[in-house]
Structure formats: C-alpha cells, structure tokens
Amino acid sequence: MVGSEEDGLGEERQRGFAADESLDAYTSLQRLVFVSYGYRCALTGAQFAAPASALHPDLDVVAIQPREQGGPLTITNYLPMIASLTPAFRDGLIAIEDDYRILVPRPELLGREMLSALRARLVLPESPFRPDAAFLAYHRRYALGR
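According to the working numbering, the sequence shown is numbered sequentially starting from 3.
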C-alpha cells in the first residue's frame, strides 16, 4: 500500500532521472566522467582511487544544468566533485565562468576550509569532454542571475 501525503510517504517523482533514460545510461555516463577527469574533483583537483563499484565514496557526478531543468545526459553537462561541495554548487554558491574560472559570489556563505580547497580554475579533461559554455551559462544565470 502506498502511503499518503499526510504521513510523508506519498509517491514523489524521483529527481535527477528521466523516464526515458535507463540506469545503464547514467552508470555509463558517471564512469565516463570519472575516467575523463582522472578521478579528480574538478573544483579542487583532489585525486582519488577508482571505486570498486559504480558509486564513488568521495566523488559525486553533478549536472551543471539539472536534468529536471532540461539538462541533457551528456558528459559536457557534468562535473565530478567532492561530495561536500555538491550542495554549494547546486545551490549556486559556486559557479564557473566560460573560461573555466571558479566563482564564489558570496564567499561568506562557504566555510573557510571549503574556500581554501577551491582552485582558481577547473581541472579539465581533454577538449571534447570539457564543460559546455551553454550549460555553464545556464548555471550562472541560476546562481548569479546573469
């Protein structure tokens, strides 16, 4: 039996997955992002060992333009980042310029440790796999209103 909204157990659409995409497509994309970036966080440059399974214990693969906002399932729309930075990126506290400079519009909202870990520019994979300027611009519009 499905719960009701009142008890907090009602049905809700799963965020981040599109109905027309298979789990295999997401797993393959995640693996491609990890390998392309050499298991490094794009924001800090921290490098990690390859995971034993599809999920990485330290790195997330994060959409620049979220799927639920029309972002495609393509490597140029995803960045690997340390899990602790994921909420700040998703909330727009960290943004990326078209030249891959990392922006922190309100540094007072990030912890000192987080700020000191960020690089001036993204760690980048080979050219065809680099973040697309259109997705970066979309994220900046969300993050900075520009």
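Just so it is clear, CB atoms sit at the ideal spot from N, CA and C, and this is done for glycine as well. Nothing here was measured: the structure is a model prediction, and the numbers come from that model.
Query                                                                                                                   : Result
First and last residue of the uninterrupted alpha helix (DSSP H) at V35                                                 : 25-38
Residue from S55, P133, D62 whose Cα sits closest to the Cα of P74                                                      : P133
Inter-stretch contact at 8 angstroms, needing at least 3 Cβ pairs: the segment 23-32 / the segment 90-103               : no
Helix, strand or coil at R142 [DSSP, three-state]                                                                       : helix
P1, DSSP secondary structure in three states                                                                            : Coverage of the chain is limited to positions 3 through 148, which leaves residue 1 absent and any answer about it impossible.
Residue(s) in a DSSP beta bridge with I104                                                                              : I98
Spatial neighbours of A145 in its chain, beta-carbon cut-off 6 angstroms, leaving aside the 5 residues before and after : G94, A97
Buried or exposed (CB count within 10 angstroms, at least 16 for buried), E59                                           : A small correction: the amino acid at residue 59 is Pro; Glu does not occupy that position in the sequence shown. Classification of P59: exposed, given that the 10 Å Cβ count is below 16.
Cβ contact (3+ pairs, closer than 8 angstroms) linking the segment 115-131 and the segment 62-73                        : no
Residue span of the alpha helix (DSSP H) that contains A44, given as start and end                                      : A44 -> no alpha helix (DSSP H), and no H or E assigned at all.
Residues near R42 in its chain [Cβ-Cβ closer than 8 angstroms; skip 5 each side]                                        : A48, Q49, F50, P82, V125
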